[in-house]
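Engineer: Take a look at this one; I'll ask things after.
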Amino acid sequence: MVTYAFQDAALWELFGAVLNQHDLHIEKSREMTATWDLLICFVWFAQFHPGLSFRLVSRNADLVDSTEDPDALFSKIDFVLQHQPSWLINDSQYNRTYMHLHFYETKSTIDGNTTTADAARGGRCTAMGLDEFAAVPDGYGMLRATRDVTNCRIYNSTPQGTGNAFYDLKKAKIKKLRLHWSEHPIKRRGLYRSENNRLKLLDTEFHGVVRDSEGNGTIFPDRYKFRLDGKLRSPWYDKECDRAGHPMEIAQELDIDYLGSDYQYFEAAVIERIQRENVREPVIKGELEFDYEGAQPIRFTPCPNGRIHLWVNLTPEGKFPENIRVVEGSDISAGSGASNSVCSFVNQETGEKVGEFAEPRLKPEEFAIYALAMAKWFNRAFMIWDASGPTGRVFGSVILESAYTGIYWKTTLNKITRKPSDIPGFFLNPGDKAEAFGKYRRSLKEGTFVQRSYEANRECLFYRHTAGQQAIEHTGAATTQDPTGARTNHGDRCVADVLANFACIMLRSTTRPIDEDPVPESCYQKRRAEYERKQREQEEVWS
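Residue numbers for the sequence shown follow this note's numbering, so the first one is 69 and each next one is one higher.
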């Protein structure tokens, strides 16, 4: 067998993983022979070394072993065995049954599995190959089930977005192997890229006729139409781009681009521009001291690890500038430490983010007190929060009992007359969520929402379209340690920003002051506020 240089390097990595018993993460472009290399490695060990056992896993049985599919894993193993010289091996030296290969002389085996339970059954093995692991439905379950089965798990796949175990493994402390199309000697012919819209020819030796997706021939490089978009390209790559039905196909199959290989909701180019132009370190970090019983702020204390991040200078007295009217958007977690409760503070007039608070270990009722105290400190900020689910209801009930008046009341967004109801908070049902997220996406693109937070900006990259692009969800894949200590990142900062932006747009559309926002007469909050007003008047009469 004659191999390319990149195949030699891949085989050495595979042999090393089996011999030294360590995991290996292989991210690859399509048709870079990674699966063939993995199978050849396993066959070589099993055929010539005694007492070894290997397992192959894919997302369904037909991909592991099917007589009708030449691309099935065991079909490729059959090809390897059948194309060896007869003096080296013949049919009498091994037993081949469904999802099983046994070598009589070495007593080594290769078995196939498709489910988490099957992969963990049967005791330990020498090594396990998990092919196209990004597409395995229960990737995380597979990781847990196979951890004690072998010390050598070889994960092989093209990217399929960020919401899967294969993406998380990219960030784990295991050996990595990257097989990019540009390493293939045929696909890299005429390799080029551009910098500042200027061509940089990387393969200066290739000259000849190249054909596009319609079969038209062009002399390269003299008459070739180069595509100056900054990406690594070649005539072969350009042709593949023309043949693709969607840019996502190229990101997934060729670019090894985890973010581009998903139907991203926010444009990556916009997020990258915001990162360059707007994101910055907080001016100050600190904690707000307040009276817990009445949620009354006492003082702001600067400290390096403070949970409140500010992108505005305080007054000499350490107070928030009085001339800035603020909207506070909140996303509420259960307080278990798994995800953050977040408050986003935004300048109502300019759309600039001026503050952020994130904490994963506050119960909804505790977080409500914090949010209320912060709203008062931020010049009695207008409050809007995700009222969905039990956490939203608990949070909202605390705010209502406080009789704080500057809050958002639920409206039916798809109706012409958007009158407030007697239900506080914003409900992220599919229709209203789509509108709020759509407004936020537009505000980011047009610059009417000025993002300052690195974490909040990056969270946008993990939102994607689902269900025929009718729904929006966070992939839940940003599982690197959040600076707050949250175990996973669920886009909480992004949701808080979405709500704050929605309220800013709503408030800018009316000249009514924030504190005069109407409260329905039938609402408990209205009656409570009126009762307290009469009590104060009575006390003044007797004082």
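For every residue, glycine included, the Cβ atom is placed at its ideal position computed from N, Cα and C.
With H, G and I counted as helix, E and B as strand and the rest as coil, what does DSSP make of I467?
Structural biologist: I467: helix per DSSP, three-state reduction.
Engineer: Where does V86 land, buried or exposed, given buried means 16+ other C-beta within 10 angstroms?
Structural biologist: Counting Cβ neighbours within 10 Å, V86 comes out buried, since at least 16 surround it.
Engineer: Taking the straight line between their C-alpha atoms, what separation do you get for V518 and L120?
Structural biologist: Cα to Cα, the separation comes out at about 59 Å.
Engineer: Answer yes or no: do P227 and I324 have a C-beta to C-beta separation smaller than 8 Å?
Structural biologist: Contact flag set, yes.
Engineer: Who pairs with R246 in a beta bridge, going by DSSP?
Structural biologist: Beta-bridge pairing links R246 to E95.
Engineer: Do the CB positions of S126 and S134 come within less than 8 Å of each other?
Structural biologist: Against a cut-off of 8 Å, the Cβ pair of S134 and S126 comes out as no contact.
Engineer: What span of residues does the alpha helix (DSSP H) with Q364 cover, start to end?
Structural biologist: Per DSSP, Q364 belongs to no alpha helix (DSSP H); it is in the beta strand (DSSP E), Q364 to P370.
Engineer: Note down, in chain order, each residue of its chain lying with its Cβ closer than 7 Å to the Cβ of V338, except the 5 sequence neighbours on either side.
Structural biologist: Taken in chain order, the residues that qualify are L512 and K513.
Engineer: For the candidate residues N181, D130, S401 and R261, whose alpha-carbon lies nearest to that of R123?
Structural biologist: When each option's Cα is compared against that of R123, the closest is N181.
Engineer: From G423, L468, T418 and N447, pick the residue whose C-alpha is nearest to that of I437; which is it?
Structural biologist: Ranking the options by Cα distance to I437, first place goes to L468.
Engineer: If you draw a straight line from the C-alpha of D137 to the C-alpha of P205, how long is it?
Structural biologist: Near 21 Å, if we compare the C-alpha coordinates of P205 and D137.
Engineer: Grab me the residues of D199's own chain with a C-beta within less than 8 Å of its C-beta, minus the 5 sequence neighbours each way, in chain order.
Structural biologist: Hits under 8 Å: T103, L106, L124, V125, S126, L131, L141, N224 and S225.
Engineer: Measuring only the C-alpha atoms, how far is P350 from E523?
Structural biologist: Taking the straight line joining both Cα atoms gives about 12 Å.
Engineer: Below 8 Å between beta carbons: does that hold for I540 and Y333?
Structural biologist: Contact flag set, yes.
Engineer: Indicate the three-state DSSP secondary structure (helix, strand or coil) for E355 in the structure shown.
Structural biologist: If DSSP states are grouped into helix, strand and coil, E355 belongs with the strands.
Engineer: What would DSSP say about Q332, mapped onto helix, strand or coil?
Structural biologist: Q332: strand per DSSP, three-state reduction.
Engineer: From H377, T177 and K96, pick the residue whose C-alpha is nearest to that of F74; which is it?
Structural biologist: Comparing Cα positions, the closest option is K96.
Engineer: Nearest to S302 by alpha carbon, out of Y331, D271 and G313?
Structural biologist: Answer by Cα proximity: D271.
Engineer: Are I157 and L169 close, meaning C-beta to C-beta below 8 Å?
Structural biologist: No. Outside cutoff.
Engineer: Beta-carbon within less than 8 Å of S470's beta-carbon, same chain only, minus the 5 sequence neighbours each way: which residues are those?
Structural biologist: Hits under 8 Å: A363 and L440.
Engineer: From G419 to F83, what distance separates their C-alpha atoms?
Structural biologist: Distance between the alpha carbons of G419 and F83 is about 56 Å.
Engineer: Note the first and the last residue of the continuous alpha helix (DSSP H) segment covering K46.
Structural biologist: Past the edges of the chain, shown from 69 to 611, lies residue 46, and the structure says nothing about it.
Engineer: Alpha carbon to alpha carbon, how far is D290 from L267? Give it in angstroms, no decimals.
Structural biologist: Near 13 Å, if we compare the C-alpha coordinates of D290 and L267.
Engineer: With a threshold of 7 Å on Cβ separation, who are the neighbours of D583 within its own chain once the five nearest residues in sequence on each side are excluded?
Structural biologist: Any reading at D583 needs caution, since the residue's pLDDT is 44, under 50, leaving its predicted position unreliable; the model's value is listed next. Same-chain partners within the cutoff: R448, T473 and G474.
Engineer: Look at the Cβ atom of Y326, then the Cβ atom of Y235, and state whether they are nearer than 8 Å.
Structural biologist: Closer than 8 Å, so yes.
Engineer: Provide the residue span of the beta strand (DSSP E) that contains Y223, from first to last.
Structural biologist: Counting along the chain, the beta strand (DSSP E) containing Y223 begins and ends at R221 to S225.
Engineer: In terms of alpha-carbon separation, which member of Y260, S281 and S404 lies closest to D297?
Structural biologist: Residue Y260 is the option with its Cα nearest to D297.
Engineer: CB-CB under 6 Å to N163, same chain, minus the five flanking residues each way: which ones, in chain order?
Structural biologist: Excluding positions up to five away in sequence, the list reads H170.
Engineer: Give me, in chain order, the residues of the same chain whose beta-carbon lies closer than 7 Å to that of P365; leave out the 5 immediate sequence neighbours on both sides.
Structural biologist: The answer, listed in chain order, is L356, F358, A441, K444 and W445.
Engineer: Starting from Y72, trace the alpha helix (DSSP H) both ways and give me its first and last residue.
Structural biologist: Neither: Y72 is in no alpha helix (DSSP H) and is coded neither H nor E.
Engineer: Taking Cβ positions, are T214 and A187 nearer each other than 8 Å?
Structural biologist: In contact: T214 and A187 (Cβ atoms closer than 8 Å).
Engineer: By Cβ distance below 8 Å, which residues in the same chain neighbour I376 in space, the five residues on each side in sequence not counted?
Structural biologist: Once the five neighbours on either side are set aside, the close Cβ partners of I376 are K353, G354, E355, L356, F368, G423, E424, F425 and M442.
Engineer: Would F435 and F463 qualify as a contact pair, given that the criterion is a beta-carbon distance under 8 Å?
Structural biologist: Cβ atoms of F435 and F463: closer than 8 Å.
Engineer: Among the residues of its own chain, which have a CB less than 7 Å from the CB of T101, if the five just before and after it don't count?
Structural biologist: For T101, where only same-chain residues beyond five positions count, the Cβ hits under 7 Å are Q75.
Engineer: Pull up the DSSP beta-bridge partners for Y260, would you.
Structural biologist: Note: Y260 sits in a beta bridge opposite L269 and R301.
Engineer: Give me the Cβ distance between N408 and E396, rounded to the nearest whole Å; I'm assuming they're in contact under 8 Å.
Structural biologist: Actually they are not in contact, since the Cβ atoms of N408 and E396 sit about 15 Å apart, beyond 8 Å.
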